[in-house]
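In what follows, a structure is listed as structure tokens, so that the remarks can point back to it.
Numbering (my numbering), first residue to last: -17 to 533.
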């Protein structure tokens, strides 16, 4: 206990925390250190004011944060060691089997020929890559290096191209089967299996990507952009030949969802599958190269493939370790923050303050929580942000009467959206660096595109059937249809275009209709549909009138 702390142990604890802080500065950044520092100061001040001596306070704080299980070694780090690290390494292995380029080719074959095709390709391929990676910046850089130049060539503005990639890649963290690291923590905090979290996340993720897709489509129509000529697109036959690359992912989903093996076992088997698939891929690539030079050397191809495979395994482990360090340090910092909050009883103070401010208006409580999440998330990695919110804000929402799962999903979403919300939008900065565009404009555009992510959490806080809780199939289908329509209305309002440019009053109508559709009651649904239908009809009439004049 804290009473047994000798000066030597205190020194060890202080040294340990300082080393962690330096690690954090190097691989996570300063903003989260500022949060931790402020909280530590607050902890010391409040405990000294409570009349304890400095020696007592120091030994108690160091014991809680460094030696107990409610500080550095609390849930986040334990979950990181148990699950997250293995999954990050799995992502590293999969990326090197060549799956990313397969996803991009597949997306091209599906949507490349439509109007504004490259942007839709960016959305689809980021959703697919996001299934594997679970890091928004990593995903932006992987798919963005291909999709952003393609979008610019088609005629999208650089800041829009960077934004599409950033918004879609950020969605990768909420895209099952492998969501961001925070989802594993969520399973642990709520106490349900990760497979269930992934299932509940499917609908919101689809809505999120639908919102981006609609915005991208309307923007393409507004600018009159064409797709890529069909003869330049990947052939389906070639894609069918390479579809074995998805096997490790399918294996993982099957193992995790059947619950036959533990999470870490499932990931380990999938890593072995990824190595096997990579070996096959390297061998076939070598054989193709040999055929082009008409050299018949199967043996040499096998040797080369083994060498490539060994090198790629080392690279994958290195990338996985680097990724895991960042997440682990973020988890440790989140643990320190949670520890300070527990020691000082700050959580209950916060909860009382917000509950009093909100009174019995749940909505105000939700808005205040959203603001907290976004401010915290600006420089704090998603994982750490979620841990902090789960220990401070989720209890507030539960006190306001929101189901536990919905409350955790709510803070999880807003923590992730912080990656593209200016002023500090890490994913948008990565996108703007590739697009060579203005980072702030890219962030603003990305926020507009990801508007669904700001609305969807309110839907499932107000109407848990969105998270496939227990209202049955029909309720879920109704929620999907009305929310998709609602997101269409809001996206169209932001773009100011459906079939022709929309004047301001139509945009207000669209936004209002969209928001009405998102509230689950029948009356608001009817009003919302009516508003959107009226605008669409008016738009078609306006367009017909303006056509002959143009001719």
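We treat Cβ as the ideally placed atom computed from N, Cα and C, and that holds for glycine.
Please read these numbers as outputs of a predicted model, since none were measured by experiment.
Boundaries of the alpha helix (DSSP H) around residue 487: 486 to 500.
In this structure, the alpha-carbon of residue -1 lies about 22 Å from that of residue 64. With a cutoff of 8 Å on beta-carbon distance, residue 67 and residue 306 are scored as near each other.
Taking a C-beta distance under 8 Å as the contact criterion, residue 73 and residue 114 qualify as a contact pair. Here the alpha carbons of residue 237 and residue 265 stand approximately 27 Å from one another. Residue 52 and residue -8 have their alpha carbons spaced roughly 17 Å apart. Here the C-alpha atom of residue 140 lies approximately 24 Å from the C-alpha atom of residue 212. Inter-residue distance for residue 483 and residue 201 is about 11 Å (C-alpha atoms, whole angstroms). Assignment of residue 223 by DSSP, reduced to helix, strand and coil, places it in the helix class. In the three-state DSSP reduction, residue 479 falls in the strand class (E or B).
Of the other Cβ atoms in all chains shown, fewer than 16 fall within 10 Å of the Cβ of residue 338; this residue is therefore exposed. In this structure residue 457 is not in contact with residue 118, their Cβ atoms being roughly 32 Å apart against a cut-off of 8 Å. Residue 47 and residue 41 have their C-alpha atoms some 10 Å from each other.
Ranked by Cα distance from residue 376, the options 178, 352 and 399 are led by 352. Setting aside the 5 residues that flank it on each side, residue 390 is surrounded in the same chain by 168, 171, 172, 372 and 376, each with a C-beta closer than 8 Å to its C-beta; the list follows chain order. Minimum Cα-Cα distance from residue 261 among the listed residues 234, 420, 284 and 273 corresponds to 284. Contiguous alpha helix (DSSP H) elements confined to the stretch 6 to 61 occur at 12 to 31, 36 to 44 and 57 to 61, taking only those with 4 or more residues. With respect to residue 322, residue 366 sits apart: the two C-beta atoms are not nearer than 8 Å. If the five residues before and after residue 224 are omitted, its C-beta is found closer than 6 Å to the C-beta atoms of 84, all from its own chain and listed in chain order.
Residue 183 and residue 158 have their alpha carbons spaced roughly 7 Å apart. The distance from the Cβ of residue 95 to that of residue 209 is about 4 Å, consistent with a contact at the 8 Å cut-off.
Taking a cut-off of 8 Å for Cβ pairs, the stretch 324 to 333 and the stretch 121 to 129 do not touch, as fewer than three such pairs fall below it. Residue 151 and residue 131 have their C-alpha atoms some 16 Å from each other. Just so you know, the alpha carbons of residue 519 and residue 507 end up roughly 18 Å apart. A residue is called buried when at least 16 other Cβ atoms come within 10 angstroms of its Cβ; residue 503 does not meet this threshold and is exposed. Residue 514 is a Cβ neighbour of residue 495, given a cutoff of 8 Å.
Rounded to the nearest whole angstrom, the C-alpha separation of residue 302 and residue 388 is 31 Å.
Per DSSP, reduced to three states, the secondary structure at residue 374 is helical. A Cβ-Cβ contact shorter than 8 Å links residue 104 with residue 146.
Taking residue 161 as reference, the option from 110, 422, 316 and -10 with the minimal CA-CA separation is 110. Around the beta-carbon of residue 179, 16 or more other beta-carbon atoms lie within 10 Å, marking it buried. Runs of the alpha helix (DSSP H) spanning 4 or more residues and lying entirely within the stretch 161 to 202 occur at 163 to 172, in chain order.
Taking residue 21 as the centre and dropping the five residues before and after it, the same chain places the C-beta of 319 and 322 closer than 7 Å to its C-beta, in chain order. Only residues of its own chain outside the window of five on either side were considered, and among them 189, 190, 193 and 469 have a CB closer than 6 Å to the CB of residue 434, listed in chain order.
In this structure, the CA atom of residue 14 is about 9 Å from the CA atom of residue 7.
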